[in-house]
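The structure appears right after this line, and notes come after that.
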Amino acid sequence: MGRRYLVGLRERDNRVSQREKHGESVLVVGTPLRQPERVIDRAAVSIPKPQSNLVLPIEPQTRQQEEGRRRRGLMAMGAAVRAAAADAVVTFLWVLCASALGASTAAVTSCLGVQEGAGGHYALLVTASLLAVLLFAFDRLCGALGGASFNPTDFAASYAAGLDSPSLFSVALRFPAQAAGAVGGALAISELMPAQYKHTLAGPSLKVDPHTGALAEGVLTFVVTLAVLWVIVKGPRNAILRILLISVSIVSLIVAGAEYTGPSMNPANAFGWAYVNNWHNTWEQLYVYWICPFIGALLAGWIFRAVFLPPAPKPKTKKA
């Protein structure tokens, strides 16, 4: 009996081992359940690769900095647009009023009983006085409009002298705005001027060959820019005296350059009258009244900075 029992156990164990080899689960009463071992195929397991373009969450501080930069950019663009609009208005008014100086001088000298051609010095004095009043009024107007300008060479001179550093975007808006304002002013005064004073509206005109005219316009712009920079920065503190000095300088240079280019010493003003006379798209107009005046203004700013302005203090280095 006992022997047959032992033989039965061995046969059962053999059958269990045979069935386990075929991957079958065998439940035998009185023996624990044995699960077949799982063989892991490592080649079939896909391991996720690290991603190269990870999108990291934006920190609040970084988001605030980006928002601040965007807001400052929009504010700068808005300021440039407002400055361009102010320049267009001021240049329109300047060309409108400055072009009437000849007619105003003729009217004043006629009221004073000075015959035309006989009292040239009196006429120059009247013109200088009227120009001083005009400059004083426009100085206040430009200040009220946040630093508006009616002469494109002002930007070049201020930048070269180290007094201002306008952005390229602002300059790209303000130059065309000044030119458009000058065209509007020239067209307006041509329509509004009475018939007896129409002959005073000739505007700047080239009376010599282009090279001589370009040299004259460049030299005149250089001199007037240097004089204006000196009067504003190093001149008297009295505003009226400063305006008088600038007015006398401008009138003197107008007389000196009358037989050459008009003169203009203001590219926007020259462009406005060139548009009225239909020669604004010529090489002579660009060469004489734009390129050379800008060269003269830049040279004046650099020389003024080198001669009259003190050098910038060097930063102190701490000794170890």
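Last residue of the sequence shown: 493 in this note's numbering, with the numbers rising by one and none dropped.
Just so you know, even glycine gets a beta-carbon here, dropped at the ideal spot from N, CA and C.
Since the model is a prediction, treat every value here as computed from it, not as a measurement.
Asked: Backbone secondary structure at A253 - three-state DSSP; Found: helix
Asked: Beta-carbon proximity list for P205, same chain, < 6 Å, skipping 5 on both sides; Found: Annotation note: pLDDT 48 at P205 (below 50); position unreliable, no value reported.
Asked: Cβ neighbour criterion (16 or more within 10 Å) applied to G391; Found: buried
Asked: Endpoints, the alpha helix (DSSP H) within which Y332 is located; Found: 326-334
Asked: Other residues of its chain near Y462: CB distance less than 8 Å, five sequence neighbours each side excluded; Found: P377, E390, T434, S437, P440, A443, F444, A447
Asked: Cβ contact (3+ pairs, closer than 8 Å) linking the segment 322-340 and the segment 472-481; Found: yes
Asked: DSSP three-state assignment for A361, whether helix, strand or coil; Found: helix
Asked: Integer-rounded CB distance, given that A257 should sit under 8 Å from L346; Found: 4 Å
Asked: Nearest residue (CA-CA) to L419, options A280, V428, L402, A431; Found: This sequence places Ile at residue 419; Leu is not what is there. Of A280, V428, L402, A431, the residue nearest in Cα terms is L402.
Asked: Sub-7 Å separation of L417 and A305 beta-carbons; Found: yes
Asked: Three-state class that DSSP yields for R410 in the structure shown; Found: coil
Asked: Endpoints, the alpha helix (DSSP H) within which W496 is located; Found: Only positions 174 to 493 of the chain appear in the structure, and residue 496 is not among them; the question remains open.
Asked: C-beta atoms of S393 and G430 nearer than 7 Å; Found: First, the amino acid is wrong: residue 393 is Leu here, not Ser. Yes; because the gap between Cβ atoms is below 7 Å, this pair is in contact.
Asked: Short Cβ contact (7 Å threshold) for L269 with G358; Found: yes
Asked: Exposure of C465, with buried meaning 16 or more beta-carbon neighbours within 10 Å; Found: buried
Asked: Nearest-angstrom Cα separation, counted from D312 out to I405; Found: 12 Å
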